[in-house]
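Read top to bottom, the protein sequences are chains G, E and F.
For the first sequence, position 50 matches number 50 in full-length UniProt numbering, and the numbering has no gaps at all.
For the second sequence, position 300 matches number 300 in full-length UniProt numbering, and the numbering has no gaps at all.
For the third sequence, position 38 matches number 38 in full-length UniProt numbering, and the numbering has no gaps at all.
Step one of this worksheet: look at the structure below.
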Amino acid sequence: MKKKTRYSVRIIAERCKGCMFCVSFCPAGVLGRDGTANARGYPLPCIASAAVCTGCALCQKLCPDFAIFIESNHVR
Amino acid sequence: MCAEPLALLTGVHFMDGNSAVCEGAIAAGCRFAAGYPITPSTEIMERFASRVPRLGGICIQMEDECASIMACIGAVWGGAKAFTATSGPGFSLMMESIGYAAMTETPLVVVNVQRAGPSTGLPTMPAQADMLQARWGSHGDYRVIALCPNSPQECFDLAIKAFNLAETWRVPVLIMMDEVVAHMSERVVIPTLSEIAVVQRRYTQVRPGEYQPYRPAARGVPEMAPVGKGFFMHVTGLTHDAKGYPAMDPETQDALVRRFTAKIDSNADDIIVYEEEEIADAEVVVVAYGITSRAAAAAVEEARALGIPAGLLRLVTAWPFPEKKVRELSGRVKALIMVELNLGQMFLEMDRCAKGGAQSIFLGHAGGSIHRPEAILMAIQKAAQL
Amino acid sequence: MNSHPSDSYLRTDRLPHLWCPGCGIGATMNSFVEAVKLSGISRKSLAVVSGIGCSGRVAGYLKADSFHTTHGRAIPFATGLALANPGLRVAVYSGEGDLVAIGGNHLLHAARRNVNIMVVCINNFTYGMTGGQLAPTTPIGSITATTPYGSTEMPCNLVNLAASAGAVFVARWTVFHVRQLACTMAEALVRRGFSFIEVLSPCPTLHLQRNNLGHGETEMRYFKEYSRVANNTSPVEAGLDRRDRKIIVGTFVKRERAVFFDSPDSVTLVRKKKVKA
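What follows is the structure, given as structure tokens:
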């Protein structure tokens with residue numbers, strides 16, 4: 001069974017335009033590129049290593065397209 | 001009782017047209033003006049600046065006319081009744097924003113005290129040469145309402161009417177004065193509050209989530225919503241759909257612009273005001289507006305004294321133009337004489353509406369002075385002999 | 001999946017927006033939404049006014065009372081709106097061509113009057129919507145559609161312009177500085193008076209591509225590498241010259257001055273007269 005990560009990175013594919021700001025500036029290297037594209041042909045980021053996400057949400061704040069956000073999975 | 005005793009100077013005054021139009025605006029509930037000094041309209045803003053701060057209103061001198069009219073449009077969306085006053089060069093600068101007001105259906109009043117042009121022209125002398133600019137000056141198809149007072153009293157009365165029309169039809173309403181009407185002083189009677197009909201801004205009853213800012217309501221006029229109340233309205237100068245969102249397609253464009261024109265055209269009978277003198281049996285009808293109509297009235301009176309069946313059609317609303325009335329007259333009179341302080345502007349409209357019925361005669365000059373009644377009388381005599 | 005945490009501040013039925021891939025305007029809007037949340041101002045009281053151009057489209061995407069005006073006239077519109085309805089918090093959101101070229105006169109005078117509006121000026125060094133023409137901030141030597149041999153004009157230092165005209169709060173960030181930008185915008189939202197925030201933003205399609213400066217991501221790296229945070233720098237010293245390899249960012253001006261139509265003196269004066277009359 002896959003271990004649940006502390007944070008989930010959510011990508012709204014149909015909003016993404018593939019600028020890759022999120023991939024380039026993620027301090028933890030959570031995101032990568034795997035060649036997938038959305039329906040409009042824009043390359044999408046992929047979640048390369050979800051486990052290392054610190055939940056800083058820089059990707060969310062940098063995204064010009066409101067296409068990526070972080071959800072916390074903390075259950076207290 | 002007036003809620004604001006200082007707001008309405010009920011009584012009999014000796015007042016010039018510029019002061020009267022300002023008092024009319026105040027009586028209509030206008031508490032915001034932004035303007036830029038320009039002869040011969042400046043006294044309107046000066047008086048407003050002295051009057052409205054005591055009424056809790058705002059008068060600001062902006063950096064130019066582009067800013068003045070846009071500040072007024074902003075104030076209207078902020079909930080105020082607002083107006084600006086200017087003359088030819090400033091009117092030219094305001095054209096883009098008049099189009100914006102038309103596109104966004106902003107109830108706005110603009111006073112243009114006409115002086116002789118083009119360009120700087122004769123700043124202190126009268127003309128009526130902005131009449132087609134008033135109608136066609138901004139790009140694209142749209143409609144405005146233009147009123148032409150011919151006395152200080154009418155400056156007061158039509159200022160109130162202008163605000164009422166703006167609120168009713170959500171179009172720019174232009175008060176097309178001229179330098180003489182602006183600066184002549186006459187008896188002006190300001191009635192009591194109960195005698196003045198004021199159309200207040202009517203806001204939608206639709207709830208915020210369901211409200212669509214550009215959904216046509218009664219008579220093709222959409223309902224406004226108050227700003228700051230959670231309606232989250234979007235207003236744009238781009239072609240827009242009922243939601244107010246930009247919609248870049250020919251179908252939306254056509255529907256929108258046709259609605260702008262239809263809301264005035266199909267309600268023109270309710271909007272148009274004119275006065276007739278000695279029309280019933282007239283063979284020669286002088287058509288005039290603003291200061292020129294007073295010289296024309298004198299000429300018609302003299303013509304009647306000489307036994308010439310002359311009449312006067314005085315335009316109070318220049319736009320929309322009383323097309324039906326002119327058409328009807330052209331079917332039964334010998335000649336229609338347009339007298340105006342330009343080289344033939346409203347004449348073109350009159351001639352178009354006359355459609356080759358009555359003879360269309362033009363009597364005008366390029367401005368700087370007003371017509372002498374004798375000149376108009378001569379034209380009447382000549383026309384009567386046709 | 002839950003929706004994006006900013007969705008309630010956006011007209012989501014209009015997304016995706018029209019800005020190009022790698023354009024920074026959307027990211028500044030992201031910061032602005034953060035700022036509105038941080039500032040604690042009431043959602044209903046926010047009004048956004050834009051002019052024309054790419055940045056002028058911001059008003060159309062924010063779920064607030066929003067006004068997309070004519071080219072250059074966002075500030076006078078906002079002036080009228082804010083004066084007529086003092087309960088509103090009015091933010092002008094537009095580009096450098098709109099606010100500084102065609103609307104430059106209004107910027108000067110609104111700053112001088114200290115009108116209670118906040119101005120966000122997206123500076124992407126070119127006219128985007130019309131196809132990449134010369135802007136007031138285009139660097140010397142840059143190729144644009146109307147300077148095909150390179151611009152020879154001295155670019156305008158926007159923060160210096162706003163500060164010298166009298167703005168009471170002046171700051172500059174780049175699109176890369178999303179957190180700082182959000183905090184600065186939040187501060188401006190709660191301050192009274194005329195505030196001016198310049199945000200440097202990549203225009204990948206026109207400015208960057210034409211001048212062989214890479215794409216949006218490249219420019220973001222440039223912003224990251226060469227920005228120097230220097231609060232309180234004199235705006236005169238904060239000019240931008242690409243050859244310096246240095247972008248001074250931060251909050252440069254914070255001062256207090258009577259706000260237009262806030263002046264207790266003028267109100268008292270009028271009230272006194274009113275009582276007498």
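C-beta atoms are modelled at their ideal positions from N, C-alpha and C, and glycine is treated no differently.
- Minimum Cα-Cα distance from P309 of chain E among the listed residues E:F231, E:A383 and E:I272 corresponds to E:A383.
- By the Cβ rule, the segment 158-165 of chain F counts as touching the segment 105-115 of chain F, because three or more pairs are nearer than 8 Å.
- For G104 of chain F, there are no neighbours in chain E by C-beta distance under 7 Å, as the nearest C-beta there is about 10 Å away.
- For A182 of chain F against L38 of chain F, the beta-carbon gap comes to about 6 Å, under 8 Å, which counts as contact.
- Using a 10 angstroms sphere on the CB of G209 of chain E, the tally of other CB atoms stays under 16, which defines it as exposed.
- Counting along the chain, the unbroken alpha helix (DSSP H) around N160 of chain F starts and ends at L158 to A165.
- Your pair P43 of chain G and A37 of chain G checks out as a contact, with CB atoms roughly 5 Å apart and the cut at 8 Å.
- Any Cβ of chain G closer than 7 Å to the Cβ of S142 of chain F would place that residue at the interface, and such an atom is absent.
- The Cβ-Cβ distance between E96 of chain F and P139 of chain F does not fall below 7 Å.
- With a minimum length of 4 residues, the unbroken runs of alpha helix (DSSP H) contained wholly in the segment 11-51 of chain E fall at 17-27 and 42-51.
- Those residues of the segment 87-113 of chain E placed with their C-beta closer than 9 Å to a C-beta in chain F are E96, S97, G99, Y100 and T104, ordered along the chain.
- For Y93 of chain F, the three-state secondary structure derived from DSSP is strand.
- For H13 of chain E, not one C-beta of chain F is nearer than 7 Å to its own C-beta.
- One thing to note: L31 of chain G has its Cβ no nearer than 7 Å to the Cβ of V178 of chain F.
- Counting only Cβ-Cβ distances below 7 Å, G24 of chain F has contacts in chain G at P64, in chain order.
- About 4 Å separates the Cβ atoms of A84 of chain F and A75 of chain E, confirming a contact at the 8 Å cut-off.
- At a cut-off of 7 Å, the C-beta of C22 of chain G has no neighbouring C-beta in chain F.
- Contact with chain G is absent for S227 of chain F, since none of that chain's Cβ atoms lies less than 7 Å from the residue's Cβ.
- Three or more Cβ pairs closer than 8 Å define a contact, and the segment 65-75 of chain E meets that threshold against the segment 96-115 of chain E.
- Counting along the chain, L240 of chain F sits inside no alpha helix (DSSP H), nor does DSSP assign it H or E at all.
- Between K4 of chain G and chain F, the shortest Cβ-Cβ separation is not below 7 Å.
- By the neighbour-count criterion, in which a residue is buried when 16 or more other Cβ atoms sit within 10 angstroms of its Cβ, T104 of chain E is buried.
- When the beta-carbon positions are compared, F25 of chain G and H4 of chain F stay at least 7 Å from each other.
- Neighbours of C19 of chain G across chain F, judged by C-beta separation under 7 Å: P21, G22, G216 and E217.
- Contact annotation: L315 of chain E and C148 of chain E have beta-carbon atoms nearer than 7 Å.
- Straight through space, the alpha carbons of G99 of chain E and Q133 of chain E are spaced by roughly 12 Å.
- Note on geometry: alpha-carbon atoms of T10 of chain E and R54 of chain E lie some 17 Å from one another.
- Residue state for V257 of chain E is assigned as helix, using DSSP reduced to three classes.
- Annotation: I47 of chain G to G35 of chain G spans about 12 Å, alpha carbon to alpha carbon.
- Within chain E, no C-beta atom comes nearer than 9 Å to that of K254 of chain F; the closest sits roughly 26 Å away.
- For R15 of chain G, at least one C-beta of chain F is nearer than 7 Å to its own C-beta.
- In the DSSP assignment, F156 of chain E falls within the unbroken alpha helix (DSSP H) covering P152 to W169.
- When rounded, the separation of the alpha-carbon atoms in R10 of chain G and C53 of chain G is 12 Å.
- Close partners of T84 of chain E in chain F (Cβ separation under 8 Å) are lacking, with about 10 Å as the shortest Cβ gap.
- Within the segment 67-89 of chain F, the residues whose Cβ lies closer than 7 Å to some Cβ of chain E are F67, H68, T69, T70, R73, P76, F77, A78, T79, G80, L81, L83, A84, N85, G87 and L88, listed in chain order.
- Around the beta carbon of V198 of chain E, fewer than 16 other beta carbons lie within 10 angstroms, which makes this residue exposed.
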